[in-house]
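Residue numbers (the working numbering), protein chains in the order written: chain A, 2 to 148; chain Y, 2 to 148.
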């Protein structure tokens, strides 16, 4: 079972969420929250549709997972997201004390590492999972936008 | 007119929102968004009630103001908040490109300045407005909690 539920397995589901955002003309970022190998939240970026800068995939996923758990701390949960979180989302993850964050592509301009943000010291971070696919989707989106 | 609508005037309204949070057992932070001297959003921290770490006063105020304006960028808007924004809220304010942020009390532990977060370079920042009252409300809350 453990070899089936790999980080790549779950990132592929986050990537399918990102593709849904892409199809709606949203910057293609997708996220899921997993607890005990069960997906308890799925979301994708909806900032354009909702006219709301806070509607990043991660913020929605954190709120949704907390609602599912009826608890504000996401203990024993992992967030999979296709792009490195920005400072806003890193801050939300910090407050959630989430156990693990896995992201695909790095964001050297607006990612929390570049800005100087922080995740919670207890949070394990893994990155570069399906990086090429996550990056390719973003590149395709911005190339199409420039056309 | 301009002498009536001072930063202190609006911060006092944010402070009344913070007191509403206090009365609900929430960490007492209140926020309002003002455009052309008109209040277009009012909110207070609801993280306990909603079991949601993203339910800070600022995040709710940003979403609410954007909903009112039907636009994701808060141009010509000012956010008044009783406490220095955390990195999550600073990130949301960054994305909103809000024109001005006014805060009361500083937060030397979890404020965006201590964490290393950033507001948008175009955003004007004013702080220390009704600082003593904003700080006193926070102190009273945590002193009561320890009892």
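Think of the CB as a built atom: it goes at the ideal place given N, C-alpha and C, for glycine as much as any other residue.
Nothing here was measured: the structure is a model prediction, and the numbers come from that model.
Nearest candidate by alpha-carbon position, reference residue i, set the options
i                     : options                   : result
residue 37 (chain Y)  : Y:111, Y:119, Y:8         : Y:8
residue 86 (chain Y)  : Y:72, Y:105, Y:18, Y:98   : Y:105
residue 61 (chain A)  : A:72, A:70, A:32          : A:32
residue 56 (chain A)  : Y:50, Y:64, Y:102         : Y:64
residue 15 (chain A)  : A:132, A:142, A:140       : A:132
residue 13 (chain A)  : A:142, A:129, A:141, A:72 : A:129
residue 116 (chain A) : Y:25, Y:96, Y:134, Y:41   : Y:96
residue 17 (chain A)  : A:68, A:70, A:58, A:69    : A:58
residue 139 (chain A) : A:25, A:30, A:119         : A:30
residue 50 (chain A)  : A:67, A:25, A:41, A:71    : A:25
residue 70 (chain A)  : A:103, A:123, A:127, A:42 : A:42
residue 123 (chain A) : A:79, A:98, A:75, A:67    : A:98
C-alpha distance - residue i paired with residue j, whole-angstrom precision
i                     : j                     : result
residue 27 (chain Y)  : residue 148 (chain Y) : 16 Å
residue 21 (chain A)  : residue 52 (chain Y)  : 28 Å
residue 89 (chain Y)  : residue 77 (chain Y)  : 22 Å
residue 10 (chain Y)  : residue 44 (chain Y)  : 16 Å
residue 114 (chain A) : residue 5 (chain Y)   : 43 Å
residue 101 (chain A) : residue 39 (chain Y)  : 43 Å
residue 150 (chain A) : residue 145 (chain A) : The structure shown does not extend to residue 150 (chain A), since chain A spans only 2 to 148, so no value can be given for it.
residue 108 (chain A) : residue 137 (chain Y) : 40 Å
residue 135 (chain Y) : residue 121 (chain Y) : 24 Å
residue 111 (chain Y) : residue 48 (chain Y)  : 16 Å
residue 35 (chain Y)  : residue 73 (chain Y)  : 15 Å
residue 46 (chain A)  : residue 54 (chain A)  : 10 Å
residue 81 (chain A)  : residue 23 (chain Y)  : 35 Å
residue 103 (chain Y) : residue 119 (chain A) : 24 Å
residue 125 (chain Y) : residue 79 (chain Y)  : 9 Å
residue 142 (chain A) : residue 91 (chain Y)  : 27 Å
residue 67 (chain A)  : residue 75 (chain A)  : 7 Å
residue 84 (chain Y)  : residue 84 (chain A)  : 30 Å
residue 127 (chain A) : residue 127 (chain Y) : 38 Å
residue 19 (chain A)  : residue 19 (chain Y)  : 37 Å
Chain-ordered neighbours of residue i on chain Y, where CB pairs are closer than 8 Å
i                     : result
residue 119 (chain A) : 88, 116, 117
DSSP three-state assignment for residue i, whether helix, strand or coil
i                     : result
residue 84 (chain Y)  : strand
residue 125 (chain A) : strand
residue 4 (chain Y)   : coil
residue 104 (chain Y) : strand
residue 28 (chain A)  : coil
residue 73 (chain A)  : coil
residue 14 (chain Y)  : helix
residue 55 (chain A)  : coil
residue 48 (chain Y)  : coil
The alpha helix (DSSP H) enclosing residue i, as first and last residue numbers
i                     : result
residue 63 (chain Y)  : 58-70
residue 140 (chain A) : 132-147
residue 114 (chain Y) : 113-116
Proximal residues of chain A, C-beta to C-beta of residue i below 8 Å
i                   : result
residue 8 (chain Y) : Chain A residues near residue 8 (chain Y): none, gap ~24 Å exceeds 8 Å.
Where the beta strand (DSSP E) through residue i begins and ends
i                    : result
residue 33 (chain A) : 31-36
residue 40 (chain Y) : 39-45
Within chain Y, partners of residue i - CB distance below 7 Å
i                    : result
residue 71 (chain A) : 52
Residue i: contacting residues in chain Y (beta-carbon distance under 9 Å)
i                    : result
residue 48 (chain A) : 73, 96
Proximal chain A residues relative to residue i, where beta-carbon distance stays under 7 Å
i                    : result
residue 55 (chain Y) : 60, 63, 64, 93
Chain C contact residues for residue i, given Cβ-Cβ distances below 9 Å
i                    : result
residue 67 (chain A) : The structure shown contains no chain C; its protein chains are A and Y.
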